[in-house]
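See structure below.
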Amino acid sequence: MSNRLDGSVAALTPQLLHALQAFAAHPRILVALDFDGTLSPLVDHPQDARPLPESAQLVAQLGALPGVYTAVVSGRNLQSLAEVYPAPLPSIQIGSHGAERTLPDQLHTGWQSAALSDEQSALLAALTQGLARVAEKFDGVSLEYKPSATVLHVRRAAPEDQETALAQAQQELQDLDGVKLMLGKAVLEASVLHTDKGKALMWLREALDVQAVLFAGDDVTDENGFRVLQAEDISVKVGPGATAAVHRIDSPFDVPQLLQSLVSMRN
1 MSNRLDGSVA
11 ALTPQLLHAL
21 QAFAAHPRIL
31 VALDFDGTLS
41 PLVDHPQDAR
51 PLPESAQLVA
61 QLGALPGVYT
71 AVVSGRNLQS
81 LAEVYPAPLP
91 SIQIGSHGAE
101 RTLPDQLHTG
111 WQSAALSDEQ
121 SALLAALTQG
131 LARVAEKFDG
141 VSLEYKPSAT
151 VLHVRRAAPE
161 DQETALAQAQ
171 QELQDLDGVK
181 LMLGKAVLEA
191 SVLHTDKGKA
201 LMWLREALDV
211 QAVLFAGDDV
221 TDENGFRVLQ
231 AEDISVKVGP
241 GATAAVHRID
251 SPFDVPQLLQ
261 SLVSMRN
């Protein structure tokens, strides 16, 4: 994939540019972006991820424009997101695929992050134990802990072990009722809450009262977001792979051109 931060090669298709023009003309819009693989290139160690500086700067510029809301919609939990995203973070943050949500107080959305029930807490402990048994078998396989989920990471494992570990993890959890499994790029997330990025985007649309939504993401879990978008919205797949998104760019290094085009059109 080529680095297009210098703008020397056009990353956006004529169809995407035309869609951006129509999108920018709406009075109130939401620009929602995945983090890993979209704002930040993918890395072996999640704690080493950082948004591309130009992308972070342009997100801040967009968020300062009248009628424009910006949001990070991530599978990471909000604490992890804050640790890898230098200030200023967008005021709207969706973490853990929608299980955690932060919005400015003045929006008065009524959202409250409810504590897990005793049953959910017990289920979380059980699924975490199951994933730990799998992780112990393979070098380079690790766990990430979230308030309502545990994630098995296999990116640093040997190629021949990655699919085996993911398959064993799914088998380990198959008898646990109430567990939601989300398979992404070299990860398997097991959650006790049944939410996803699509549900989060629909909630944001209503809470913000916007006329159109742009959502860009790279992972399998972002497909839930693409599927709920409407005719006036823009869906952008970042990178290769089958997708429900209408538009595509090659890599996170193309995201600055996408955001800069929108800034220029909005101005």
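Under the working numbering, think of the first position of the sequence shown as 1, with each following residue one higher.
Where a beta carbon is used, it is the ideal one built from N, C-alpha and C, also for glycine.
Residue i burial status per 10 Å Cβ neighbour count (16 or more: buried)
{"i": "Q47", "result": "exposed"}
{"i": "S264", "result": "exposed"}
{"i": "R205", "result": "buried"}
{"i": "Q93", "result": "buried"}
{"i": "H45", "result": "exposed"}
{"i": "Q168", "result": "buried"}
{"i": "G98", "result": "buried"}
{"i": "A64", "result": "exposed"}
{"i": "P51", "result": "buried"}
{"i": "G241", "result": "exposed"}
{"i": "E189", "result": "buried"}
{"i": "Q79", "result": "exposed"}
{"i": "A32", "result": "buried"}
{"i": "Q257", "result": "buried"}
{"i": "S8", "result": "For S8, the predicted model reports a pLDDT of 37, less than 50, meaning its position is unreliable and no value from the coordinates is stated."}
{"i": "P104", "result": "exposed"}
{"i": "A115", "result": "exposed"}
Spatial distance of residue i from residue j (CA atoms)
{"i": "L20", "j": "G67", "result": "15 angstroms"}
{"i": "R266", "j": "V154", "result": "41 angstroms"}
{"i": "D218", "j": "K137", "result": "29 angstroms"}
{"i": "E232", "j": "P88", "result": "29 angstroms"}
{"i": "L176", "j": "Q15", "result": "45 angstroms"}
{"i": "L201", "j": "D161", "result": "35 angstroms"}
{"i": "A10", "j": "I249", "result": "10 angstroms"}
{"i": "L193", "j": "A125", "result": "14 angstroms"}
{"i": "V43", "j": "S117", "result": "34 angstroms"}
{"i": "R101", "j": "P159", "result": "35 angstroms"}
{"i": "I234", "j": "P27", "result": "15 angstroms"}
{"i": "A135", "j": "A25", "result": "49 angstroms"}
{"i": "R4", "j": "A122", "result": "Low per-residue confidence applies at R4: pLDDT is 45, beneath 50, and the placement is therefore not dependable enough to give any value."}
{"i": "K185", "j": "L208", "result": "30 angstroms"}
{"i": "D139", "j": "A165", "result": "10 angstroms"}
{"i": "M1", "j": "E223", "result": "With a pLDDT of only 37 at M1, under the threshold of 50, the placement of this residue in the model should not be trusted, and no figure is reported."}
{"i": "P90", "j": "N77", "result": "15 angstroms"}
{"i": "E172", "j": "L259", "result": "42 angstroms"}
Beta-bridge partners of residue i, as assigned by DSSP
{"i": "M294", "result": "No answer is possible for residue 294: the residues shown for the chain start at 1 and end at 267."}
{"i": "Q93", "result": "V72 and T102"}
{"i": "Y85", "result": "BP columns for Y85 are empty, so no partner."}
{"i": "K237", "result": "G217 and R248"}
{"i": "T164", "result": "Paired residues: none, contrary to the question."}
{"i": "S55", "result": "Bridge partners of S55: none, in fact."}
{"i": "D36", "result": "S40"}
{"i": "S148", "result": "Paired residue(s): none; S148 is not in a bridge."}
{"i": "H153", "result": "S142 and V187"}
{"i": "L30", "result": "Y69 and V213"}
Cβ-Cβ distance between residue i and residue j below 8 angstroms
{"i": "S261", "j": "L12", "result": "yes"}
{"i": "F35", "j": "A212", "result": "no"}
{"i": "S55", "j": "V210", "result": "no"}
{"i": "L17", "j": "Y69", "result": "no"}
{"i": "P147", "j": "S96", "result": "yes"}
{"i": "L131", "j": "L107", "result": "no"}
{"i": "V238", "j": "T38", "result": "yes"}
{"i": "M179", "j": "L143", "result": "In the sequence under discussion, the amino acid at residue 179 is Val, which differs from the Met named in the question. No; because the gap between Cβ atoms is not below 8 angstroms, this pair is not in contact."}
{"i": "L81", "j": "V72", "result": "yes"}
{"i": "A244", "j": "F226", "result": "yes"}
{"i": "M182", "j": "T221", "result": "yes"}
heavy atom of the ligand NAD below 7 angstroms from residue i C-beta
{"i": "D196", "result": "As far as ligands go, the structure on display features none, and thus does not contain the ligand NAD."}
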